[in-house]
Amino acid sequence: MTSTRDRTAAAALCVGAAVTGGLATDADSRWFRGLDLPSWYPPPQTFGIVWTALYAGIAWSGGEVLARSSGRERAGFARAYGANLALNTAWTPLFFRAHRPWAATVESAALTVSTVDLVRRAARVSRPAAAALVPYAAWTAFATVLSGAIARRN
């Protein structure tokens with residue numbers, strides 16, 4: 001029973017982050033359309049495709065680690081997972097709604113550090129769960145560089 005509850009909770013948190021981020025995104029706004037984007041900015045449809053796959057991996061990994069761990073290790077991962085998804089959720093409103101690309105860059109860097117920490121914590125419990133989080137860490141690192149490039153250009 002706890003295993004199912006852990007997996008459901010991990011997935012629910014992930015869905016909440018995805019929905020919140022999706023609702024806060026406004027790539028059609030006049031502000032965003034007016035930004036000077038680097039030439040290596042990915043095609044817009046890339047983001048939905050990549051984030052869908054990443055959120056699936058995050059949800060599965062989170063549930064897997066929570067279901068397979070116990071005690072302090074489980075509690076530490078649960079806190080780190082929640083903090084990571086809070087950071088994940090915060091980037092979109094900072095960037096798209098508050099129009100603060102430098103703040104979003106700093107926040108994205110914190111998210112990347114948090115994601116690397118999740119990989120480390122997951123590896124103690126399940127190598128497949130840790131491996132599933134590696135693309136998330138890579139993408140958040142890329143997002144940090146991209147956010148910084150946008151901030152510098154605007």
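Numbered according to our numbering, the sequence shown terminates at residue 154, and the numbering increases by one at each position without gaps. We put the CB at the ideal spot given by N, CA and C, even for glycine. As the structure is a computational prediction, the values presented were derived from the model and not from experiment.
C-alpha gap between residue i and residue j, whole angstroms
i, j, result
"TRP51", "ALA17", "11 Å"
"ARG121", "THR20", "25 Å"
"ARG30", "THR8", "38 Å"
Collapsed DSSP secondary structure at residue i in the structure displayed
i, result
"ASN154", "coil"
"LEU35", "coil"
"THR105", "helix"
"PRO42", "coil"
"VAL125", "coil"
"THR25", "coil"
"SER69", "coil"
"ALA75", "helix"
Within 8 Å, strictly: CB atoms of residue i and residue j
i, j, result
"LEU87", "ALA110", "yes"
"ALA141", "SER114", "no"
"ARG97", "ALA24", "yes"
"ALA10", "TYR81", "yes"
"SER3", "ALA78", "no"
"SER39", "PRO101", "no"
Buried/exposed call for residue i, threshold 16 Cβ in 10 Å
i, result
"ASP6", "buried"
"VAL65", "buried"
"LEU130", "A small fix is needed here, since residue 130 is Ala in this sequence, not Leu. Burial call: buried."
"VAL125", "buried"
"TYR136", "buried"
Residue i: CB within 7 Å of a non-hydrogen atom of the ligand HEM
i, result
"ALA9", "You won't find the ligand HEM in this model; it holds no ligand whatsoever."
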